[in-house]
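Contents: one structure, followed by commentary.
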Amino acid sequence: AVVLALVVFSAAIYASLRRSAEDLILIFHNAPLHIVPEGHTAQVQIVKSYVPRGARLLYFMDKPEAWQFGLWQRSLYPDYVLIPIRDSAGVDNPKVDQLRTSEHIRFALAAGSPPPTPLFVWKIMLPQYPNGIPVVFGRIQE
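According to the working numbering, the stretch in the sequence shown is residues 40 to 181, in order.
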């Protein structure tokens, strides 16, 4: 019984070590080098070139896109705070105007297809990339 238990235990250890090695090879060999798309990195650099550090930005989206919003949030952290505004109704919402004036928010991103259109003083269509959502960046009216 002891010999049989050792054989079964040894076979289990061998199988688990072999499977772990195969998993590690698969994970590290096939993993992408960068999770953030190159096109998004270019978009972030454009935004950072215009917005002073420590500023807050509004992020208008035509429909809830948690992944895209999270990507922007992580890309701008910790130097910037991104505040999400869902639906195009948020563009004319008095609460958004109150937030904008109380927090001195001067810049916004509008994402969607087509992007919502807040009242921009000036705007730039950020360069698109494959599978990305069209984004407009600009300064909003004060």
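Each residue gets a CB set at the ideal place from its N, CA and C atoms; glycine is no exception.
Buried versus exposed call for residue i [16 or more other C-beta atoms within 10 Å across all chains shown]
i	result
His-79	buried
Ala-150	buried
Trp-111	buried
Ile-52	exposed
Ile-124	buried
Leu-148	buried
Arg-58	exposed
Phe-67	exposed
Val-41	exposed
Among the options, nearest to residue i - alpha-carbon criterion
i	options	result
Pro-153	Val-90, Trp-161, Gly-171 and Asp-62	Gly-171
Arg-201	Thr-140, Asp-118 and Leu-45	As displayed, the chain neither begins before 40 nor continues past 181, which places residue 201 out of reach and without an answer.
Ile-85	Pro-173, Gln-180 and Pro-166	Pro-166
Pro-169	Glu-104, Val-75 and Val-135	Val-75
Asp-136	Val-47, Val-83 and Gln-180	Gln-180
Own chain partners of residue i with C-beta closer than 6 Å, once the 5 adjacent residues on each side are dropped
i	result
Trp-106	none
Met-164	Val-175
Pro-103	Arg-125
Contact set for residue i: own chain, Cβ-Cβ below 7 Å, skip 5 residues either direction
i	result
Arg-178	Arg-145, Phe-146, Phe-159, Val-160 and Trp-161
Ser-121	At residue 121 the sequence reads Leu, which differs from the Ser that was named. If we look at Leu-121 and ignore the five residues flanking it on each side, its Cβ neighbours are Leu-96, Tyr-98, Trp-111, Gln-112 and Leu-115.
Ala-81	Pro-166
Neighbourhood of residue i by C-beta distance below 8 Å, restricted to the same chain and skipping five residues each side
i	result
Asn-132	Ile-124
Glu-77	Tyr-168
Ser-49	none
Glu-61	none
### Query
What are the uninterrupted segments assigned as alpha helix (DSSP H) that are 4 or more residues long and contained completely in the stretch 69–144, given in chain order?
Entirely contained in the stretch 69–144, the alpha helix (DSSP H) runs reaching 4 residues are, in chain order, 77–89, 105–115 and 133–141.
### Query
Would you call the stretch 80–100 and the stretch 137–151 in contact, with 3 or more CB pairs under 8 Å?
Cβ pair count under 8 Å is three or more, so yes.
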